[in-house]
Each structure stands twice: as C-alpha cells, then as structure tokens.
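K.L.:
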DNA sequence: CACCATCGTCTACAATGTAGACGCTACAGG
DNA sequence: CCTGTAGCGTCTACATTGTAGACGATGGTG
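Chains as they are written, first to last, in this note's numbering: chain A, 70 to 179; chain B, 70 to 179.
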C-alpha cells in the first residue's frame, strides 16, 4: 500500500538471491542460492507463491527463455525491478540501523 | 517448531530494540527505538502482540517494575532470552550471507 | 507406448503483521 | 469528591506473508 511497504524476510531473500545470480536468474539457481545461504529447504510452492506476490507488487519481472534442446517446458528468467531494489534498500537500512550498536556475539555467554 | 524457526522482520526489530535499550527495557523506549530506526510508526497492538508471541516462543521475558512515584499502573521491563539471541544470530547470518556480494548502491541507476 | 523427471500452477492453511477498541490506574482541575 | 485526561497493557479481528503438497503439462527414455 504505502510506498515504503516492508518486505517479509523470505521476500527479501528471494530478491537478494535473484540479484546474486546476476539479475537474469533461473528458478533452480535462485532456489539453490537461498537454500545454501539460509541453510534450509525451500519448497516449490513457497518459492513461486512469493515470486507471484513480488510480481504483483512490481518488484520482480520475468521472461520466458526457450529451453533450446533442454528438457521440460517453459523456463523463466527472473529480474529484480527498480521498485524491488528500493524496497530492499529500505529494509536493509531499517534492520542495519537496529543492528548497529548491538554486538550479538558479546552476548554469547549462557 | 524446528529449533531454527525464522523470525519475522518485525519480531527481529523488537528483539534488537530491546537489546539496544540495554536488555531491561521499558516498552515506551523500545517502541521509540523501532520508530526512530525504521522510520515508521508502531501501534500498541502490533507491539504487544508481537511481544506476546515472542514470549510464547521463549525469546523474551519480562518483569514488573514498581512505578515508585511515577504515573500509571504496572510497568514492564523486557529482556531477550538466550533463545532469542540465538534466533537473532541465525536470522542475521542468513540474510548477511545473501547480502554479501550484492552491492545495492551500484544498482542505483534508473 | 508407458513411464519418469522437471517446471510451474493452484489450493489451502499456518504464522506473522497491524490497527483500534477496551479497561484499568493515577493524577490534575474544578 | 467527581470528572476529565493520559499512560500502559489486553483483546479481538483481519490483512499479509510463509509454506507444503497435490496437480497438470511437456519432453525425454526404455
């Protein structure tokens, strides 16, 4: 709604993972990136649902890529839009501002 | 459910804000910290609901503090538990790993 | 041709985010 | 004393986001 609507954590991860893949990423690559970084599994449902919602908000877009000899049907390549980039920056700024001054590892004494 | 359940973004902010306030924080201070850092308003409802859920997950705890001459009734002081600290660290690690290598400001050309 | 694998869609439900109405206690003014 | 005002926390209700798994389509393989 508002221009600075916040991103959910998983939305952030998806956006970031696309960016890391070079901004013309294949689904499998993106999914893998998230799983590696966050060390957890990402179901297809969770992944595509989030992508759809991000698209409806104008933060990602995609294009079909002909499989050209590959297996299966339509392959997509995903990109983050300027709107998505802006949202990412806003989220990061907010969290970083809170993180600054907090030394999480200093508290590590049970 | 799983030991490394992820925190929502707002939950993260609340936890971090308590920590920043010195781990024995008053509600008003915490709320203010978030509003300042994230540059948005935080309603009482949103705030306390999140605190309750965090408590149910064992990530924050609180104690009453006598107002001793102050106004109003029971005042609470909030602290983040070791469980909360661990969750914070996990979230941070995941996001940071995704952020690394992505230069958000380099993409800033419309 | 039957069968398997991969990619994306859809449905459904759980968890989180958020607002605002309520109720209580204390203090200020009349 | 009674009433108004204000701060703190509770509760209800609903919107948004997170997540899984069933389903369907397409192309390759034996």
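In this text, a Cβ means the ideal position worked out from N, Cα and C, and glycines have one as well.
Measuring straight from C-alpha to C-alpha, what distance separates residue 106 of chain B and residue 163 of chain A?
P.N.:
As a first step, residue 106 of chain B must be located in the second chain, where it is residue number 37. As a first step, residue 163 of chain A must be located in the first chain, where it is residue number 94. Approximately 6 Å between the Cα atoms of the pair.
K.L.:
Identify which residue in B/93, B/91, B/110, B/97 has its Cα closest to the Cα of residue 79 of chain B.
P.N.:
What you label residue 79 of chain B is simply residue 10 of the second chain in a count that begins at 1. The shortest Cα separation from residue 79 of chain B among B/93, B/91, B/110, B/97 belongs to B/110.
K.L.:
Would residue 91 of chain A be called buried (16 or more neighbouring beta carbons within 10 Å of its own) or exposed?
P.N.:
As a working mapping, residue 91 of chain A is identified with position 22 in the first chain. Burial call: exposed.
K.L.:
Show which residues of chain B have a CB atom less than 8 Å away from the CB atom of residue 89 of chain A.
P.N.:
As a working note, residue 89 of chain A is residue 20 in the first chain. Near residue 89 of chain A (Cβ distances below 8 Å), the residues of chain B are 167, 170, 171.
K.L.:
Leaving out five residues before and five after residue 104 of chain B in sequence, what residues of the same chain have Cβ atoms less than 8 Å from its Cβ?
P.N.:
In the second chain, the residue the question calls residue 104 of chain B occupies position 35. Cβ within range, chain order: 110, 111.
K.L.:
Less than 7 Å between the beta carbons of residue 145 of chain A and residue 168 of chain A, yes or no?
P.N.:
Your numbering for residue 145 of chain A matches position 76 in the first chain. Your numbering for residue 168 of chain A matches position 99 in the first chain. Not a contact, by the Cβ cut-off of 7 Å.
K.L.:
Do residue 85 of chain B and residue 171 of chain A have their C-beta atoms closer together than 7 Å?
P.N.:
As a working note, residue 85 of chain B is residue 16 in the second chain. As a working note, residue 171 of chain A is residue 102 in the first chain. Closer than 7 Å, so yes.
K.L.:
Return the bridge partner residues of residue 94 of chain A from the DSSP annotation.
P.N.:
Position 25 of the first chain holds residue 94 of chain A. DSSP lists A/147 as partners of residue 94 of chain A.
K.L.:
Within its chain, find whatever has a CB closer than 7 Å to the CB of residue 75 of chain A; leave out the 5 residues flanking it on each side and keep chain order.
P.N.:
Looking up residue 75 of chain A in the first chain gives position 6. If we look at residue 75 of chain A and ignore the five residues flanking it on each side, its Cβ neighbours are 160.
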